[in-house]
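One structure is given here, and the rest of the page talks about it.
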Amino acid sequence: MTGILTLGGLGLSLSVDAFAAAVGKGADGERRDLGKALRIGLVFGLAEAISPAIGWLIGKAAATWIQPVGDWVAFGLLVVVGGHMLWEAWRASHGEPLPAEIQAVVSKRAGTLRLMLTAVATSIDAMAVGISLAVLDIGIVSACIVIGLVTTAIATLGVLVGRKAGERLGPMAEIVGGLALIGIGVAILIQHLIR
19 MTGILTLGGL
29 GLSLSVDAFA
39 AAVGKGADGE
49 RRDLGKALRI
59 GLVFGLAEAI
69 SPAIGWLIGK
79 AAATWIQPVG
89 DWVAFGLLVV
99 VGGHMLWEAW
109 RASHGEPLPA
119 EIQAVVSKRA
129 GTLRLMLTAV
139 ATSIDAMAVG
149 ISLAVLDIGI
159 VSACIVIGLV
169 TTAIATLGVL
179 VGRKAGERLG
189 PMAEIVGGLA
199 LIGIGVAILI
209 QHLIR
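Residue numbers for the sequence shown follow the working numbering, so the first one is 19 and each next one is one higher.
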């Protein structure tokens with residue numbers, strides 16, 4: 019479970035909210051070079067790297083109570099987070115308003131504080147994943163590094179392609195990320211059941 023490919027897949031799954039917000043930031047009409055896009059990507063990457071660590075600490079504190087059902091808890095959390103991502107993608111594709119965190123980034127007057135709040139809002143799901151990582155006794159440092167780096171790259175890319183791609187990629191990326199998280203949850207459950 020803790021291989022670099024699995025952590026990379028987890029990082030990709032968790033970065034889709036940041037990607038959607040970054041695409042919105044790129045689509046706001048303001049011209050951005052690679053340096054500006056990378057700074058925005060770093061804000062998202064840092065928030066996404068810190069959130070699992072917070073969740074991991076919470077999970078470690080509750081590990082004695084959760085341990086007997088840890089794989090089921092990890093499965094449940096990942097399915098709930100993945101399902102929520104699918105729900106958000108469905109809402110966006112059916113013309114419902116974008117979530118407030120994405121709307122804040124799309125706003126032309128979004129400043130640094132709004133960007134940071136958006137990064138935190140889009141990384142909340144990573145906190146639940148951090149709880150799962152604690153329950154599964156997975157090293158959090160390597161997970162946070164990989165998740166942070168992947169999110170930085172994905173969010174930077176989102177800003178750069180945002181002007182051309184618009185907001186259509188956001189829901190599609192959210193669907194892929196949600197399905198990937200559910201898939202990881204199912205894999206955890208299958209490993210638990212065949213032990």
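For every residue, glycine included, the Cβ atom is placed at its ideal position computed from N, Cα and C.
All values derive from a computational prediction rather than experimental measurement.
Same chain only: Cβ atoms within 7 angstroms of residue i, ignoring 5 sequence neighbours per side
{"i": "V168", "result": "G26, G29, L30 and S33"}
{"i": "G223", "result": "Residue 223 cannot be examined here, being either before or after the span of the chain that is shown, 19 to 213."}
{"i": "I76", "result": "I149"}
{"i": "R50", "result": "G44 and V177"}
{"i": "A198", "result": "G27, L30 and S31"}
Residue i and residue j closer than 7 angstroms at C-beta
{"i": "G196", "j": "L104", "result": "yes"}
{"i": "A79", "j": "I193", "result": "no"}
{"i": "S141", "j": "A71", "result": "no"}
{"i": "I58", "j": "V179", "result": "no"}
{"i": "G203", "j": "V97", "result": "yes"}
{"i": "V99", "j": "A146", "result": "yes"}
Bounding residues of the alpha helix (DSSP H) (the contiguous stretch that carries residue i)
{"i": "S150", "result": "I142 to V153"}
{"i": "R253", "result": "Residue 253 lies beyond the range of the chain shown here (19 to 213); nothing can be said about it."}
{"i": "S33", "result": "No alpha helix (DSSP H) contains S33, which DSSP labels as neither H nor E."}
Heavy atom of the ligand FMN within 6 angstroms of residue i beta-carbon
{"i": "V179", "result": "With respect to the ligand FMN, the structure offers nothing, as it holds no ligand at all."}
Same chain only: Cβ atoms within 8 angstroms of residue i, ignoring 5 sequence neighbours per side
{"i": "D89", "result": "V153, L154, I206, L207, Q209 and H210"}
{"i": "H102", "result": "D143 and G196"}
{"i": "M134", "result": "V61 and A65"}
{"i": "V164", "result": "I22, L25, G26, L28 and G29"}
{"i": "K54", "result": "V177"}
CB contact below 7 angstroms: residue i versus chain B
{"i": "A205", "result": "Absent from the structure: chain B. Only one protein chain is present."}
Same chain, Cβ closer than 6 angstroms to residue i, five either side skipped, listed in chain order
{"i": "C162", "result": "A67, P70 and A71"}
{"i": "W74", "result": "G148, L151, A152 and I158"}
{"i": "A92", "result": "S150, V153, L154 and I206"}
{"i": "V138", "result": "A65"}
{"i": "V87", "result": "none"}
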